[in-house]
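For the sequence shown, the positions run 1 to 73 when the working numbering is used.
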Amino acid sequence: MKDPSGNWTAEPPTYDPIIAEDGAVHNLNVYMEIPVPDVVTDSGVDGVNTVFTKKLGVVIGESQLEEFFSQIS
1 MKDPSGNWTA EPPTYDPIIA EDGAVHNLNV YMEIPVPDVV TDSGVDGVNT VFTKKLGVVI
61 GESQLEEFFS QIS
């Protein structure tokens, strides 16, 4: 983090950064870009099953939340 003057508030850590087994050092772009197939339009049983087959889950509209969670129990 930086202070109001733009200077770093702490030195970087002395240890190496965390690197995934596939060599990736970050995956923020994966979370920022939501492909259309990951948006659930059916909040029924098929929509619930989709959550478990997608690597990062799915996107559910606010109006579908109650119905979606009622399917999980």
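Glycine included, each C-beta is placed from N, C-alpha and C at the ideal position.
Computed from a prediction, not measured in an experiment: that's the story for all the values here.
No Cβ-Cβ contact shorter than 8 angstroms links Val30 with Val58.
Ile60 places its beta carbon 8 angstroms or farther from that of Phe52. Considering only Met1, Glu62 and Asn49, the residue with the shortest C-alpha distance to Gln71 is Asn49. DSSP places Val36 in the helix class (H, G or I) of the three-state scheme. The criterion of a C-beta distance shorter than 8 angstroms is satisfied by Met1 and Thr9.
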